[in-house]
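Quick notes on the structure that follows.
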Amino acid sequence: MAVGKYTLFLLLPLLLQFNYGESDLQLNYYSNSCPRAEEIIKAEVQKLYQTKYNTAISWIRNLFHDCVVKSCDASLLLDHAKGMESEKASSRSFGMRNFKHINTIKDAIEKECPMTVSCADIVALSARDGAAMLGGPHIEMKTGRRDSKESYAAEVDSSIPNHNDTISNVLSTFKAIGIDTEGTVALLGAHSVGRVHCINIVHRLYPTVDPTLDPHYVDYLKRRCPSPEPNPKAVQYVRNDLATPMVLDNMYYKNILNHRGLLIIDQELVSDPITYPFVTKMAADNEYFHEQFSRALLILSENNPLTGDQGEIRKDCRHVNK
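Here it is, written out as structure tokens:
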């Protein structure tokens, strides 16, 4: 028995190395190499929010789309290049915008510390700071991610759920990266801010109305989306939340309990007995929602990052280094 315990003691340090790729991320990773990195990123996020307030929402969505596909590695930001398709071209990326402003942040960092701070860390930290700009929680986030040298466009459709997916598929997607049901319900609370293009909701209105929708809400939706065949390039949007449209709060859960969720997945959170208890709890307690959102966003941000000598530090977030 003593030998067995001694063997386990010797193996423990080795076992701890296999920590889902997170062990090399750390708080204040740039404290020596670029001490003002997080300060600069936050200042740029604030500046962009003051002139283009919807950027804060984009930063949160960027983190999800980057990290759920393979790794938190800024592969999302890569443009088309010879022999490489961009993840941004996927139908799952429909409606995403403000990518050019990531390079605004990157340029500010490059002036201070050339070739030091990764685009992947900028994606993560801008999401953290964007959430705070929207009245969400402040999250202590680790850094030290490095940038991918390739795009994973072929994996986007199978990795990112769409708005018509069942709640079981969405739960499975998040579970695969270590986020439990409670955390998944909290992350979907990001739907508290932003807007949805009519093209993603008209199937709930035409030719027949989805009976799970509140009739008064339907009247509003039809005013915003009068055609069953909206132009995807037109500015035809509906706000996720009319009461507090630019606040990351628990109003989302109150809305879906009142049958005012825009997307099928929103309604499924209420109708599924596994997720319903968490919806009611978050609707009643904004602080609890923020706690669970913080916890889940941290797990998401640390999904399989490139660290150490993996990948590279891109000079331009849109292209791999030459």
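Here the sequence shown stands for residues -23 to -1, 1 to 299, numbered as in mature numbering (1 follows the signal peptide of the UniProt record, and there is no 0).
Just so it is clear, CB atoms sit at the ideal spot from N, CA and C, and this is done for glycine as well.
- The beta-carbon separation of residue 104 and residue 37, rounded to 5 Å, stays under the 8 Å limit for a contact.
- The residue from 14, 179, 209 and 212 with its alpha-carbon nearest to that of residue 196 is 179.
- DSSP links residue 283 through a beta bridge to 123.
- Counting along the chain, the unbroken alpha helix (DSSP H) around residue 272 starts and ends at 263 to 278.
- Contact annotation: the region 215 to 225 touches the region 101 to 121, with at least three C-beta pairs closer than 8 Å.
- Put simply, of 147, 65 and 236 the residue whose alpha carbon is nearest the alpha carbon of residue 54 is 65.
- Put simply, of 190, 100 and 132 the residue whose alpha carbon is nearest the alpha carbon of residue 68 is 132.
- For the pair residue 218 and residue 169, the CB atoms are nearer than the 7 Å cut-off.
- By the criterion of a C-beta distance shorter than 7 Å, residue 231 is surrounded in its chain by 260, once the five residues flanking it on both sides are discounted.
- Per DSSP, the unbroken beta strand (DSSP E) holding residue 174 starts and ends at 172 to 174.
- By the neighbour-count criterion, in which a residue is buried when 16 or more other Cβ atoms sit within 10 angstroms of its Cβ, residue 71 is exposed.
- Closest option to residue 241, judged by alpha-carbon separation, among 264, 142, 121 and 44: 142.
- Per DSSP, residue 230 is one residue of the alpha helix (DSSP H) stretching across 228 to 234.
- Counting along the chain, residue 200 sits inside the alpha helix (DSSP H) bounded by residues 192 to 201.
- Taken atom to atom, the span from the alpha-carbon of residue 186 to that of residue 234 is near 18 Å.
- Secondary structure at residue 45: coil, using DSSP grouped into helix, strand and coil.
- When the Cα atoms are used, residue 203 and residue 94 turn out to be separated by approximately 46 Å.
- Counted as a single uninterrupted DSSP element, the alpha helix (DSSP H) harbouring residue 162 occupies residues 158 to 164.
- Here residue 221 has 228 as same chain residues with Cβ atoms under 7 Å from its own Cβ, once five neighbours each way along the sequence are excluded.
- Between residue 122 and residue 283 the beta-carbon gap is near 6 Å, inside 8 Å, which marks them as a contact.
- Taken through DSSP and simplified to helix, strand or coil, residue 74 comes out as coil.
- When only Cα atoms are considered, residue 89 and residue 11 end up about 8 Å apart.
- Per the DSSP secondary-structure output, residue 3 pairs in a beta bridge with 120.
- Residue range 96 to 110 is occupied by the alpha helix (DSSP H) that includes residue 105, with no beta strand (DSSP E) assigned at that position.
- Rounded to the nearest whole angstrom, the C-alpha separation of residue 206 and residue 92 is 46 Å.
- The beta carbon of residue 216 sits closer than 7 Å to those of 172 and 222, all from its chain and outside the five residues before and after it, given in chain order.
- A Cβ-Cβ distance of about 7 Å is found for the pair residue 295 and residue 80, placing them in contact under the 8 Å criterion.
- If you check the CB distance, residue 119 and residue 3 come in under 7 Å.
- The shortest CA-to-CA distance from residue 1 to any of 48, 285 and 299 is the one to 285.
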